[in-house]
Amino acid sequence: MFSANNLYDVISSLFSEVNLFYAHAAGVGTGIVMAITKLYTGRKDEFSKAYGTILLSVSIFLMANNRVIFPQQTDPRLLKDSLFLGIYFGLVLYASAAVLVCMMFILDRLQNPWYYCKRLTAIIPLALTAAFFLPGTIYICFCDSVAILITLYTSGWSIYKIRSSQKSNVFSTSPS
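Each residue of the sequence shown is one higher than the last, beginning at 104 in this note's numbering.
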């Protein structure tokens, strides 16, 4: 008979720490493969290059976030290593800002997203430098706040531009 204990055992085995680690690793691996593919096809398409750099930076900081790069016993964010924090949050801030650039391109506000994404890579050395001058906890809070604000601004701005455009619904799935 199937009981609540059996259901609990099935669910706990599906969502065990090992299975979640492998699912996370598979997602990161897929992101890296997609990033390389986008960068390779980006020779003809500027948007693919920009999108590929976003995928690659997200994949790298997700590897660092889940301690794939480091031993499982140590979390470098807790050690407040300035070099690690600078690179990690540089990639986080780059990905957040590059998504804003790509959304501006998709909504016809920019002509060439790759031009702007190349310049946004300056965020990484700036974040790395700031990590050495700010205390670890303050730096983490500041970078997290900036990344969240960029993401919220991107979402709000995109929704506003889509709603304010008087274009017809192209992707409507309801039958006419």
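Backbone N, C-alpha and C fix where the C-beta goes; we use that ideal spot for every residue, glycine too.
Small disclaimer: the values here were computed from a predicted structure and weren't measured.
With 16 other Cβ atoms within 10 Å as the buried cut-off, status of residue i
i       : result
Leu-110 : exposed
Pro-238 : exposed
Ser-268 : exposed
Ser-160 : buried
Ala-225 : exposed
Tyr-125 : exposed
Ile-157 : buried
Phe-236 : exposed
Cys-220 : buried
Val-113 : exposed
Ala-129 : exposed
Lys-147 : exposed
Lys-141 : buried
Residue of the options minimising C-alpha distance to residue i
i       : options                      : result
Lys-264 : Arg-212, Ser-106 and Thr-144 : Arg-212
Ile-139 : Gly-155, Phe-150 and Ala-200 : Gly-155
Asp-247 : Thr-232, Tyr-219 and Ser-199 : Ser-199
Residue range of the unbroken alpha helix (DSSP H) whose run includes residue i
i       : result
Ser-268 : Where Ser-268 is concerned, there is no enclosing alpha helix (DSSP H), given that its DSSP letter is neither H nor E.
Pro-228 : 226-236
Ser-185 : 185-209
Leu-213 : Here Leu-213 belongs to no alpha helix (DSSP H), and DSSP marks it neither H nor E.
Cβ-Cβ distance between residue i and residue j below 8 angstroms
i       : j       : result
Ala-162 : Ile-190 : Inspection of the sequence shows that residue 162 is occupied by Ser rather than by Ala. No.
Gly-193 : Ile-227 : yes
Val-249 : Leu-165 : no
Ala-153 : Ala-230 : no
Leu-186 : Val-204 : no
Ser-151 : Met-206 : no
Gln-188 : Tyr-242 : Before going further, note that residue 188 is Leu rather than Gln in the sequence given. For Leu-188 and Tyr-242, yes; Cβs fall inside 8 angstroms.
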